[in-house]
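Trainee:
Numbering (my numbering), first residue to last: 156 to 390.
Next comes the structure, spelled out in structure tokens:
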């Protein structure tokens, strides 16, 4: 049942690029509240890789929830939020203005398939709950590798409703939400683990040419991408 729901919603969300105004406000009120603890978890995990002088990119930043958590917990020099939706960016700007970190947070409207950003300018790229919206994920994976500095990493997270039941229970406890609600959110707003092992995400990663690994952290599935630079040869 959840598999059918997930396939339907992924098709719908990949068809419409950019969340419109009414949906953006609904997303902020409902979805963001349900998954708020995911942003806390991701931000705290990222702190081990982020220094005070670093610049970080939040791909598909939405209303800015993860960007603000990164600034609060990790204290990088700058967090840049990228989103294709103007409605989402308007809400993110309002949230940034209220956060007290406005000078350390930036916003760019742009398509993750072709980011309007320079090569090698970010120490870290993070993305949460965006991959299931992406039409051509191999292009986004390449773009993540392109904008990363040497030694940087991209972490791309999605919920996976088909995680083992023990992982579901741990996630529900950590999020302080009923297990059925967490699984439903994952089906509406995520990708199954099978997409990474033999589905279209696995195919896209293979085609992209990036250096990557896939990790399972309870109900979160995480892709780690490292920049792959051409090897210089001397004659």
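Backbone N, C-alpha and C fix where the C-beta goes; we use that ideal spot for every residue, glycine too.
1) Would you please state the rounded distance, in angstroms, between the beta carbons of residue 235 and residue 221? I believe it to be under 8 angstroms.
2) Around the C-beta of residue 355, are 16 or more other C-beta atoms found within 10 angstroms, so that it is buried, or is it exposed?
3) Are at least three pairs of beta-carbons, each pair with one atom in the segment 241 to 255 and one in the segment 269 to 283, less than 8 angstroms apart?
4) Decide yes or no for the touch test of the segment 324 to 338 against the segment 346 to 362: beta carbon pairs closer than 8 angstroms, at least 3 of them.
5) Relative to the C-alpha of residue 378, which candidate in 346, 317, 310 has its C-alpha closest?
6) Tell me the rounded alpha-carbon separation between residue 285 and residue 230.
7) Residue 201 to residue 282, Cα distance in whole Å?
8) Rounded to whole angstroms, how far is the Cβ of residue 308 from the Cβ of residue 363, which I believe are closer than 8 angstroms?
9) Under the rule that 16 or more other beta-carbon atoms within 10 Å means buried, what is residue 159, buried or exposed?
10) Would you mind sorting residue 336 into buried or exposed? The rule is 16 or more other CB atoms within 10 Å of its CB.
11) Are the beta-carbon atoms belonging to residue 265 and residue 314 less than 9 angstroms from one another?
Mentor: If we stick to the structure as given:
1) About 12 angstroms separates the two Cβ atoms, so there is no contact after all.
2) It counts as exposed.
3) Two segments are said to touch when three or more pairs of C-beta atoms, one from each, lie closer than 8 angstroms; by this definition the segment 241 to 255 does not touch the segment 269 to 283.
4) The way I'd put it, the segment 324 to 338 doesn't touch the segment 346 to 362; fewer than three beta-carbon pairs between them come closer than 8 angstroms.
5) For residue 378, the nearest C-alpha among the options comes from 310.
6) For residue 285 and residue 230, the distance between alpha carbons rounds to 23 angstroms.
7) Whole-angstrom Cα-Cα distance: 11 angstroms.
8) That pair is no contact at about 15 angstroms.
9) Only exposed fits residue 159, as fewer than 16 other CB atoms lie within 10 angstroms of its CB.
10) It counts as exposed.
11) No, these two residues do not count as a Cβ contact at 9 angstroms.
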